[in-house]
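Residue 1 is where the sequence shown starts when you use the UniProt record's numbering, and the numbers rise one by one after that.
Note that beta-carbon positions come from the ideal geometry of N, C-alpha and C, so glycine has one too.
Worksheet: one structure, shown below.
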Amino acid sequence: MATNKDMQEVIDTLTSSFAAGTAASEKALAESLSEAITKHNAAAAAAAAAAAAAVSAVAAVESTTSAKLASSETTHLSEQEQSDHEQLRRIAEQHRLEVEQEEQQLQEQQEQGQAKQESGSEPPAAKPVPGSEEWHKMRRDNHKEVERRRRETINEGINDIAKMIPNSDKNKGSILRQAVKYIQTIVADNERMTADSELLTTTKFELEKCLLEKSVTEATYQSLNAQHDQLKRDYEEIRKKMDELGEDHQAKKQRTD
Numbered sequence: 001m002a003t004n005k006d007m008q009e010v011i012d013t014l015t016s017s018f019a020a021g022t023a024a025s026e027k028a029l030a031e032s033l034s035e036a037i038t039k040h041n042a043a044a045a046a047a048a049a050a051a052a053a054a055v056s057a058v059a060a061v062e063s064t065t066s067a068k069l070a071s072s073e074t075t076h077l078s079e080q081e082q083s084d085h086e087q088l089r090r091i092a093e094q095h096r097l098e099v100e101q102e103e104q105q106l107q108e109q110q111e112q113g114q115a116k117q118e119s120g121s122e123p124p125a126a127k128p129v130p131g132s133e134e135w136h137k138m139r140r141d142n143h144k145e146v147e148r149r150r151r152e153t154i155n156e157g158i159n160d161i162a163k164m165i166p167n168s169d170k171n172k173g174s175i176l177r178q179a180v181k182y183i184q185t186i187v188a189d190n191e192r193m194t195a196d197s198e199l200l201t202t203t204k205f206e207l208e209k210c211l212l213e214k215s216v217t218e219a220t221y222q223s224l225n226a227q228h229d230q231l232k233r234d235y236e237e238i239r240k241k242m243d244e245l246g247e248d249h250q251a252k253k254q255r256t257d
């Protein structure tokens, strides 16, 4: 792009020099032409160097990839290692997406802040051209800011965890290890309490079942007792009548005799 612009400037100079027809313009033309050729040669050399570097980088990547493939074919990673590798890859991808999202949000906040500070009469500042040095600098600054905020968030989280852990250490790594053990203890206690609660629920159910059976049994006993009393009364009445009938029969027999 810069070489085409220089050549265009040379053409413009040629046009103006031919229109003027002066020796001074011809001299300036020669100098501009020489300068443009020099710039063009330098740009071509830089492009060739960049292409050579790109080719070397591609060759290095291919060599590294081939080495990794050969190593993976010979070592045959276990299923657990493959699962861990896939999990780490997902975590890294998620981290990259979060960083890009936070950088974009930070850039939008900066642009909004600049727009608020600018007056209505002044035109808004132009955004840096993608790929330019200013654009890369802004992205680096945004990335540093995002990482700084992330570290602050992580430190705040670790400090909050340290407050909840009894007798916590001052070292962040030790705090996290203690937190893991503390959480494991809580999970184990929770599982034990859940098992005890389930046992109590089962015991309560069995107790209620026994109480219900007891109530049914008591009701059945009372019913059978009442029936027994009634049968006893009926038996006494029948016996009494039979005795009376026996006495009457005996009296009639005596009269007959």
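Boundaries of the alpha helix (DSSP H) in which residue i is found, first to last residue
i: Asn-190; result: 172 to 256
Which of helix, strand or coil DSSP assigns to residue i
i: Ala-23; result: In this predicted model, Ala-23 has a pLDDT of only 49, less than 50, meaning its place in the structure is not dependable; the value taken from the coordinates is given anyway. Residue state, collapsed to three classes: helix.
i: Asp-129; result: First, the amino acid is wrong: residue 129 is Val here, not Asp. Correct three-state label for Val-129: coil.
i: Asn-155; result: helix
i: Asn-4; result: Interpretation of Asn-4 is limited by its pLDDT of 49, a score under 50 that renders its predicted location unreliable; the figure taken from the coordinates is listed afterwards. Helix at Asn-4.
i: Asn-142; result: helix
i: Asp-169; result: coil
i: Leu-33; result: Low per-residue confidence applies at Leu-33: pLDDT is 49, beneath 50, and the placement is therefore not dependable enough to give any value.
When the options are compared against residue i, the one with the closest alpha-carbon
i: Glu-103; options: Pro-128, Ser-132, Lys-127 and Val-146; result: Val-146
9 Å Cβ cutoff, residue i in contact with chain D
i: Arg-148; result: Chain labels in this structure do not include chain D; a single protein chain is all it has.
Contact test: residue i Cβ vs the ligand NAP heavy atom, cutoff 8 Å
i: Gln-104; result: Among the components of this structure there are no ligands whatsoever, and the ligand NAP is therefore not found.
Kindly confirm or deny that the segment 132 to 145 and the segment 157 to 168 touch, where touching means at least three C-beta pairs closer than 8 Å. no
On the three-pair Cβ rule with 8 Å, is the segment 163 to 170 touching the segment 178 to 185? The way I'd put it, the segment 163 to 170 does touch the segment 178 to 185; three or more beta-carbon pairs between them come closer than 8 Å.
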